[in-house]
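Report on the following structure.
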Amino acid sequence: MKYYNKFWLTAGAIAILSSCVDDNLLDYSVEKPESIAVLEYLNQYDVLKSYVDRGSAPNFKLGAGVEVGNYNAQSGYYSLISSNFDEMTSGWEMKHGAVVQSDGSLDLTTVEKFISSAQAMGVTIYGHTLCWHSNQNASYLNSLIASEIIPAEPVETELITNGDFENGSISGWGGWGNDTAPSISDAGDGYGGGYALKLQNNTPKQSWEIQAAYDPANPFASGEECILSLWIRGDRDGSISFDAQDTSDWTGDSFGKAYFSTEWKYVELKTTITGDNRTRFLISYGDFEGTVYLDNISLVQTIVPSGTYLEESIITNGDFENGTIDGWGGWGKIDYDISQPGQGAGGTGYAVEIINLAAGNPWDTQFAWDFPFDLEPGGTYYVSFDMRAEHDNVSVGFGLQNKTTYAGTDASGITLSTEWKTFDWYANVPDEDVRDRFLFSLGATATTYYLDNVVFSKVSEMGEVIEKTSEEKEEIIGNALEHWISEMVEGCKSYVTTWDVVNEPMSDWPDATQLKTGIGNENLAADEFYWQDYLGKDYAAIAFKLARAYGNETDIHFINDYGLESNLTKCKGLIDFVEYTESRGARIDGIGTQMHISINHDREKISQMFEMLAATGKLIKVSELDIALEVETPTEEEYKAQYDMYRYIVETYKAKIPVSQQYGITIWCPLDSPEDSYWLPGEEVGLWTLDYTRKRSYAGVADGLAGKTLFEEE
Numbered sequence: 005m006k007y008y009n010k011f012w013l014t015a016g017a018i019a020i021l022s023s024c025v026d027d028n029l030l031d032y033s034v035e036k037p038e039s040i041a042v043l044e045y046l047n048q049y050d051v052l053k054s055y056v057d058r059g060s061a062p063n064f065k066l067g068a069g070v071e072v073g074n075y076n077a078q079s080g081y082y083s084l085i086s087s088n089f090d091e092m093t094s095g096w097e098m099k100h101g102a103v104v105q106s107d108g109s110l111d112l113t114t115v116e117k118f119i120s121s122a123q124a125m126g127v128t129i130y131g132h133t134l135c136w137h138s139n140q141n142a143s144y145l146n147s148l149i150a151s152e153i154i155p156a157e158p159v160e161t162e163l164i165t166n167g168d169f170e171n172g173s174i175s176g177w178g179g180w181g182n183d184t185a186p187s188i189s190d191a192g193d194g195y196g197g198g199y200a201l202k203l204q205n206n207t208p209k210q211s212w213e214i215q216a217a218y219d220p221a222n223p224f225a226s227g228e229e230c231i232l233s234l235w236i237r238g239d240r241d242g243s244i245s246f247d248a249q250d251t252s253d254w255t256g257d258s259f260g261k262a263y264f265s266t267e268w269k270y271v272e273l274k275t276t277i278t279g280d281n282r283t284r285f286l287i288s289y290g291d292f293e294g295t296v297y298l299d300n301i302s303l304v305q306t307i308v309p310s311g312t313y314l315e316e317s318i319i320t321n322g323d324f325e326n327g328t329i330d331g332w333g334g335w336g337k338i339d340y341d342i343s344q345p346g347q348g349a350g351g352t353g354y355a356v357e358i359i360n361l362a363a364g365n366p367w368d369t370q371f372a373w374d375f376p377f378d379l380e381p382g383g384t385y386y387v388s389f390d391m392r393a394e395h396d397n398v399s400v401g402f403g404l405q406n407k408t409t410y411a412g413t414d415a416s417g418i419t420l421s422t423e424w425k426t427f428d429w430y431a432n433v434p435d436e437d438v439r440d441r442f443l444f445s446l447g448a449t450a451t452t453y454y455l456d457n458v459v460f461s462k463v464s465e466m467g468e469v470i471e472k473t474s475e476e477k478e479e480i481i482g483n484a485l486e487h488w489i490s491e492m493v494e495g496c497k498s499y500v501t502t503w504d505v506v507n508e509p510m511s512d513w514p515d516a517t518q519l520k521t522g523i524g525n526e527n528l529a530a531d532e533f534y535w536q537d538y539l540g541k542d543y544a545a546i547a548f549k550l551a552r553a554y555g556n557e558t559d560i561h562f563i564n565d566y567g568l569e570s571n572l573t574k575c576k577g578l579i580d581f582v583e584y585t586e587s588r589g590a591r592i593d594g595i596g597t598q599m600h601i602s603i604n605h606d607r608e609k610i611s612q613m614f615e616m617l618a619a620t621g622k623l624i625k626v627s628e629l630d631i632a633l634e635v636e637t638p639t640e641e642e643y644k645a646q647y648d649m650y651r652y653i654v655e656t657y658k659a660k661i662p663v664s665q666q667y668g669i670t671i672w673c674p675l676d677s678p679e680d681s682y683w684l685p686g687e688e689v690g691l692w693t694l695d696y697t698r699k700r701s702y703a704g705v706a707d708g709l710a711g712k713t714l715f716e717e718e
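To convert, take the position in the sequence shown, counting from 1, and add 4; that gives this note's numbering.
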């Protein structure tokens with residue numbers, strides 16, 4: 005499944021471990037809480053994996069879903085998992101989105117430590133997962149197939165046609181405010197000989213009271229840089245100034261001053277034109293007494309033709325390097341402020357630090373930038389930002405909103421870890437509604453977020469846009485899949501010999517016999533990427549062949565999906581897809597059924613599913629078993645029902661799946677799910693409580709493995 009709960013072991017939790025804890029595995033024991041006295045019989049159970057019958061089922065593996073960071077810390081969690089289970093499946097850390105970086109390279113640092121920790125305890129690792137649609141670095145993959153924008157060549161336009169005066173005239177030039185009008189110099193007075201523009205002032209005034217001017221045939225282009233260059237000298241030292249002017253209101257953009265002496269000097273000045281009606285080039289020299297010569301006057305403006313480009317970011321305080329969070333605000337169970345220096349992206353500068361104080365709905369806590377204007381209807385905007393959280397596998401929503409009606413558009417989701425990661429998104433503003441707010445929805449997880457380098461730019465026209473063909477996309481994505489699988493499998497093959505190669509291929513609606521697709525979904529999460537949409541139905545065959553080519557020949561390869569026990573049509577569809585994939589030359593060793601169910605699940609359907617899977621002759625693995633109570637305050641009867649269902653699943657698996665096909669069962673939530681988890685938040689779904697106390701569900705699995713009731717509850 006997409007989200008995985010995180011198991012936290014705190015010093016306080018360790019301090020209250022009861023005698024029901026597997027304290028024979030640890031180096032300490034403490035007083036037993038009275039609240040679990042009724043469960044004293046659980047103390048008699050041995051470690052869970054001791055109840056696997058190695059004689060009749062030598063290859064059966066009892067597995068656990070784990071949070072790798074906690075396991076790598078080698079705390080009590082490490083001891084509990086290693087002592088009770090044969091195998092581990094990582095919830096997040098071996099997936100594409102966790103490993104593949106923005107440049108396509110793989111960072112296996114965490115995975116390598118996981119392997120080392122597991123190897124030290126003799127616990128195997130089930131690789132999860134190689135080819136999935138979720139938890140992908142979709143930004144990187146989409147960048148590979150993005151349309152190519154060919155910028156149009158900038159055009160340099162010379163605005164002055166008579167700037168070298170070699171025609172012996174000052175045609176186009178004029179002036180005012182002086183008894184002596186601008187004139188052409190004597191022959192030989194120009195730079196290097198020839199002619200120059202001669203400006204003479206005998207009565208000093210304010211600089212703007214005496215001016216020379218040239219009106220270009222075309223006005224200055226607003227928003228573009230203009231470069232003025234010229235040669236200048238005077239009959240004594242001095243300076244004069246230059247402007248681009250709007251003659252309707254006398255506003256303008258200054259090029260600054262040119263300083264000169266009696267020797268010819270080359271001067272280059274620049275300005276950015278800020279108005280739409282700058283039609284005059286002005287030289288102001290009223291405060292200089294004497295004669296000035298100017299030659300080879302040039303006004304060059306670089307004009308970018310229409311096409312697509314990113315305008316300047318509308319969010320003006322997105323890097324927080326001014327040490328403030330001006331312009332940003334939030335609401336809900338929130339506390340926010342500028343971070344300490346050095347806490348920005350990359351460990352430098354500032355970020356904004358946002359604390360969500362209590363878990364709830366994602367929209368309960370939000371952080372936003374309100375634009376002072378409405379975004380352009382029908383416009384496209386590019387969004388980019390760096391973000392991390394204090395916890396791993398934290399999901400965050402973001403998007404555009406109408407701050408009056410709260411209508412939203414193009415909301416997207418991302419998954420954060422403790423490491424900085426860059427996310428980007430193209431947002432399309434609807435034609436028919438206002439969007440004037442950019443916001444993050446942070447309410448689901450009680451954690452601290454850090455946000456930095458926010459860019460929000462309008463996509464404007466420039467150059468030629470070249471779309472990649474479907475054939476080109478197929479080749480590019482095929483190469484990306486090979487790069488990912490080859491690097492991942494080769495990097496782990498010394499210890500990881502079993503892989504979930506293709507995960508969750510089948511659709512849920514409207515036809516569970518067909519593959520999932522992202523086509524037609526305009527609101528894909530930021531980490532969603534459907535390989536099958538580019539590689540076609542054979543994508544699974546490609547993935548299995550790659551895993552076989554780069555791994556060990558004896559590796560065991562699974563296809564895995566959820567809901568098979570609820571939707572037998574989907575189960576049949578998956579089996580048919582396995583047959584199709586193998587007809588394309590791939591080899592699939594096993595089928596995984598996740599089994600995220602509740603205590604009230606239809607047992608007859610569970611039995612039928614196992615029978616259908618057994619009939620394939622493949623290895624069968626219960627890959628992500630958890631059984632939810634689905635009530636806020638469970639009763640003793642509901643806890644006992646949870647015991648019964650765990651036991652039923654284990655016993656039915658053993659009864660319906662031939663021993664030769666039994667790969668094993670993985671408990672997805674060994675511990676209950678914390679309140680701030682994205683997977684079954686607050687659900688008492690585990691075999692242990694969060695303080696590592698055994699539950700009846702522990703006995704359910706143990707009794708199911710043993711095939712009998714080992715110890716009676718008093």
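Glycine is no exception: its CB is placed at the ideal position from the N, C-alpha and C atoms.
Because the structure is a prediction, the values reported are computed rather than measured.
Just list the residues that DSSP pairs residue i with in beta bridges.
| i | result |
| --- | --- |
| F427 | F389 |
| V70 | S94 |
| N564 | N507 and G596 |
| F442 | W373 and L404 |
| Q204 | T295 |
| T656 | Paired residue(s): none; T656 is not in a bridge. |
Closest by CA to residue i, which one among the options?
| i | options | result |
| --- | --- | --- |
| I129 | R591, D57 and C496 | C496 |
| I669 | S681, N397, D680 and T656 | T656 |
| A221 | T283, I149, T639 and I481 | T283 |
| Y386 | N397, G331 and I318 | I318 |
| I154 | V469, W235 and M92 | V469 |
| D630 | K274, G126, G69 and Q344 | G69 |
| S462 | G401, G279, D606 and N432 | With the sequence shown as reference, residue 462 is identified as Lys, and Ser is not the correct amino acid for it. When only C-alpha atoms are compared, the closest one is N432. |
| A529 | T113, W672 and N146 | N146 |
| T409 | V438, V400 and A142 | V438 |
| F64 | S87, E91 and Q48 | E91 |
If you count every other CB in all the chains shown that lies within 10 Å of the CB of residue i, and 16 or more means buried, which is it?
| i | result |
| --- | --- |
| Y702 | buried |
| N483 | exposed |
| Y263 | exposed |
| L21 | Unreliable placement is indicated for L21, whose pLDDT of 32 sits below 50; the coordinate value is still reported in the next sentence. Flag for L21 reads buried. |
| I603 | buried |
| K712 | exposed |
| L446 | buried |
| A553 | exposed |
| E688 | buried |
| Y81 | buried |
| D390 | buried |
| N74 | buried |
| D707 | buried |
| Y297 | buried |
| S106 | exposed |
| G594 | buried |
Quick check: what's the CA-CA separation for residue i versus residue j?
| i | j | result |
| --- | --- | --- |
| C575 | F377 | 52 Å |
| A77 | T422 | 15 Å |
| R392 | E71 | 18 Å |
| M98 | L572 | 30 Å |
| I579 | L617 | 8 Å |
| L709 | E44 | 20 Å |
| R651 | A545 | 36 Å |
| H137 | F224 | 51 Å |
| V25 | E478 | Unreliable positioning characterises V25 in this predicted model, as indicated by a pLDDT of 44, which lies under 50. A coordinate reading is not provided. |
| A722 | I418 | This structure cannot settle anything about residue 722, because the visible part of the chain is limited to 5 through 718. |
| E634 | M649 | 14 Å |
What distance in whole Å lies between the Cβ atoms of residue j and residue i, which are believed to be in contact at a cut-off of 8 Å?
| i | j | result |
| --- | --- | --- |
| G336 | I358 | Incorrect: roughly 10 Å between the Cβ atoms, too far for contact. |
| F719 | D428 | This structure cannot speak to residue 719, because the chain is shown only from 5 to 718. |
| S302 | L234 | 7 Å |
| L485 | A547 | 7 Å |
| I563 | P509 | 7 Å |
| D676 | L694 | 5 Å |
With a threshold of 8 Å, establish whether the CB of residue i neighbours any heavy atom of the ligand SAH.
| i | result |
| --- | --- |
| I149 | With respect to the ligand SAH, the structure offers nothing, as it holds no ligand at all. |
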